[in-house]
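Step one of this worksheet: look at the structure below.
Number of protein chains: 2
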Amino acid sequence: MSAPSFRNWQSVQEEVRRRIHARIWKPGDLIPNEADLALEFGCARTTVNRALRALADAGVLDRRRKAGTRVAAQPVAKATLQIALIKTEIRERGQDYSYQRLTRSKSIPPAAISDVMQTAQSRALLHIRALHLADDKPYAFEDRWINTDVVPSARAEAFDMLSPNEWLLTHTPYTHGEIAFSATEATADEAAVLKCAEGSALFAIDRMTWDGARSVTKVRLLFRPGHQLRTNL
Amino acid sequence: MSAPSFRNWQSVQEEVRRRIHARIWKPGDLIPNEADLALEFGCARTTVNRALRALADAGVLDRRRKAGTRVAAQPVAKATLQIALIKTEIRERGQDYSYQRLTRSKSIPPAAISDVMQTAQSRALLHIRALHLADDKPYAFEDRWINTDVVPSARAEAFDMLSPNEWLLTHTPYTHGEIAFSATEATADEAAVLKCAEGSALFAIDRMTWDGARSVTKVRLLFRPGHQLRTNL
DNA sequence: AAAATTATTATGTATGCACATAAAAGCATC
DNA sequence: GATGCTTTTATGTGCATACATAATAATTTT
């Protein structure tokens with residue numbers, strides 16, 4: 000039984016995964032330290048470190064200085080969702096993309112909006128309602144508020160050809176944001192726009208982005224009934 | 000103007016982020032190569048590499064050998080969702096968790112299930128329906144099928160005290176899986192279990208895990224109306 | 001016995017160097 | 001001018017070494 004020698008970090012990672020899967024190292028178990036593994040695998044500690052770090056990032060391992068590395072007791076399923084442009088999303092499905100701006104106005108937002116965006120109640124924001132279509136059928140309804148104090152150049156945009164979804168991505172930097180997924184019943188308005196029954200269960204994505212302490216934009220995307228957001232684990 | 004000297008990868012990362020945000024490097028732009036940046040930042044190329052690699056992982060940069068590194072033209076919003084145990088999820092909200100098994104049976108699944116799980120149509124699977132409660136109010140309805148060929152030990156489990164959600168996590172290794180989020184209208188059955196109106200918009204998570212080529216389990220989680228899944232960008 | 005201090009240890013990371021590898025660019029050949 | 005080969009180059013990775021840092025364990029002090 001000689002050392003098989005794992006000469007790159009990917010193979011080390013694979014071997015560690017194998018051992019966890021084979022229950023040689025069980026959830027909650029402390030695994031040997033990097034130096035020992037390096038010795039066993041016949042590689043440098045750096046290489047082991049790289050492999051274990053990647054596994055920790057993936058949620059498979061829990062690592063803490065001095066305490067050592069252990070197999071995650073609760074392997075948190077980390078689903079990484081790729082939120083692409085709606086245009087891209089539709090085209091990748093092999094469908095034809097089109098876009099319709101419904102309304103564009105500068106108006107005082109309801110309190111619910113100015114509250115979460117932390118803008119003054121009396122402050123007018125740019126409000127755009129638009130529809131994204133796949134093969135000429137309604138796909139997603141975009142309802143967006145833009146803080147023109149932060150994005151002054153948006154004032155000059157009509158958003159009649161280019162969706163705010165796309166325009167903002169390339170024109171507006173942001174530092175951080177929040178995203179929330181939920182289900183909601185279609186109001187009469189929303190049903191009319193999406194051409195579905197009132198009260199249908201719609202998949203909703205609410206996203207808000209910030210540039211430092213100032214809110215950039217808040218958007219609600221409502222997808223036609225049956226929409227799924229999927230990814231691999 | 001002397002070199003400020005960035006001596007660790009985090010600060011290099013920050014500086015790169017800053018330059019992208021300040022539009023010094025615009026989306027689509029090619030940025031200087033690692034060696035040049037290392038020189039400019041007064042650190043080793045390894046350090047720059049680490050920083051740029053992390054940014055590429057985050058979707059901020061696109062890197063290709065020989066072609067160089069460029070600012071992502073379409074900064075794909077990568078939302079990483081932490082799908083924890085429902086018990087953990089509820090407890091973290093400061094609520095009281097309880098669990099009720101509704102039914103447990105070994106039965107032939109509908110074709111829709113055996114199809115996606117790629118089990119023989121005539122093959123009986125373990126079917127569990129259970130309810131997760133927060134402060135004694137229905138929180139999520141779990142409807143699960145378990146492939147007992149792959150998880151024989153599940154045959155001995157009653158799942159009357161411990162939810163399959165929790166039991167499987169610690170007892171069953173899997174190699175990969177899929178997860179999908181959607182919105183669905185509550186059927187009469189589901190409405191009764193979740194104590195909500197029939198036709199309510201429910202947030203649904205469908206998850207299926209595999210051990211190599213064999214399906215381990217398929218679960219549908221239906222959350223009470225109003226449920227949100229949120230994360231930061 | 002409790003609290004504060006010190007030692008130990010496993011992970012975290014920076015560095016210089018070497019070589020691997022993918023892909024673009026240049027060059028030669030037909 | 002299209003095709004295939006060669007060179008160049010930027011990223012990708014491995015390794016030895018050194019030191020940093022956080023957290024535990026051991027020890028001393030109160």
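Heads up: the protein sequence lines correspond to chains A and B, in order.
Numbering that gives the first Met the number 0 puts the first residue of the first sequence at 0, with every later residue one more than the last.
Numbering that gives the first Met the number 0 puts the first residue of the second sequence at 0, with every later residue one more than the last.
Idealized CB from N, CA, C, for every residue including glycine.
My assumption, with CB atoms under 8 Å, is that residue 173 (chain A) sits in contact with residue 144 (chain A). Please give the rounded CB distance.
Between residue 144 (chain A) and residue 173 (chain A) the Cβ distance is about 14 Å, and since that is not below 8 Å, they are no contact.
Can residue 97 (chain A) be considered in contact with the ligand SAM, in the sense that its beta carbon sits closer than 7 Å to one or more heavy atoms?
What this structure holds is no ligand at all, so the ligand SAM is not there to describe.
Identify every run of the beta strand (DSSP E) within the stretch 75-133 of chain A, keeping only runs that are complete inside it and at least 3 residues long; order them along the chain.
Runs found: 76-82, 96-106 and 124-133.
For the stretch 33-63 of chain A, which segments carrying the alpha helix (DSSP H) assignment without a break, of at least 4 residues, lie completely within its bounds, in sequence order?
Whole alpha helix (DSSP H) segments, 4+ residues: 33-40 and 44-56.
Quick check on the burial criterion: 16 or more other C-beta atoms within 10 angstroms. Buried or exposed for residue 131 (chain B)?
Flag for residue 131 (chain B) reads buried.
Among the candidates B:184, B:78, B:79 and B:58, whose CA atom is the shortest distance from the CA of residue 69 (chain B)?
The shortest C-alpha separation from residue 69 (chain B) is found at B:58.
Just to confirm before moving on: does the CB-CB distance between residue 37 (chain A) and residue 44 (chain A) stay below 8 Å?
For residue 37 (chain A) and residue 44 (chain A), yes; Cβs fall inside 8 Å.
Once you ignore the five residues that flank residue 128 (chain A) on each side, which residues in its own chain have a CB closer than 6 Å to its CB?
The residues are 101, 102 and 142.
At a Cβ cut of 9 Å, what residues of the stretch 70-84 of chain B count as close to chain A, listed as they run along the chain?
Cβ contacts with chain A come from 72, 73, 74, 75, 76, 77, 78, 79, 80, 81, 82, 83 and 84.
Look up residue 27 (chain B) in the DSSP assignment and give the residues it is bridged to.
According to DSSP, residue 27 (chain B) bridges with nothing at all.
Taking only beta-carbon atoms, is residue 168 (chain A) less than 8 Å away from chain B?
Closer than 8 Å: yes.
Can you confirm whether the stretch 213-227 of chain A touches the stretch 24-32 of chain B when touching is taken to mean that 3 or more C-beta pairs between the two stretches lie within less than 8 Å?
In short, these stretches do not touch, since the Cβ pair count stays below three.
Can the beta-carbon of residue 55 (chain A) be found closer than 8 Å to that of residue 64 (chain A)?
No, they are not a contact pair.
Under 8 Å by Cβ, that's how I've got residue 86 (chain A) and residue 96 (chain A) pegged, so tell me the actual separation to the nearest angstrom.
About 5 Å; that satisfies the 8 Å criterion.
What's the C-alpha gap between residue 219 (chain A) and residue 116 (chain B)?
Residue 219 (chain A) and residue 116 (chain B): Cα-Cα distance of roughly 34 Å.
Using 8 Å as the cut-off, can you tell me whether the stretch 4-11 of chain A makes contact with the stretch 182-202 of chain B, which would need three or more C-beta pairs spanning the two stretches below that distance?
Cβ pair count under 8 Å is below three, so no.
Quick check on residue 172 (chain A): does DSSP put it in helix, strand or coil?
Residue state, collapsed to three classes: coil.
Leaving out five residues before and five after residue 123 (chain A) in sequence, what residues of the same chain have Cβ atoms less than 7 Å from its Cβ?
For residue 123 (chain A), where only same-chain residues beyond five positions count, the Cβ hits under 7 Å are 105, 106 and 107.
Report the residue from A:5, A:20 and A:7 whose alpha carbon sits nearest the alpha carbon of residue 211 (chain B).
Ranking the options by Cα distance to residue 211 (chain B), first place goes to A:20.
Just to check my reading of the structure: residue 222 (chain B) and residue 180 (chain A) have Cβ atoms closer than 8 Å, yes? What is that Cβ distance to the nearest angstrom?
In fact, because the Cβ distance is near 11 Å, the residues do not count as touching under 8 Å.
Any beta carbon from chain B within less than 8 Å of residue 234 (chain A)'s own beta carbon?
Residue 234 (chain A) is absent from the structure shown; chain A starts at 0 and stops at 232.
Between residue 24 (chain A) and the rest of its own chain, which residues show a CB-CB distance below 7 Å, the 5 nearest in sequence each way excluded?
Taken in chain order, the residues that qualify are 18, 30 and 70.
Which bits of chain B does residue 180 (chain A) rub up against, with CB to CB less than 8 Å?
Ordered by position in chain B, the residues that pass the 8 Å Cβ test against residue 180 (chain A) are 180, 202, 227, 228 and 229.
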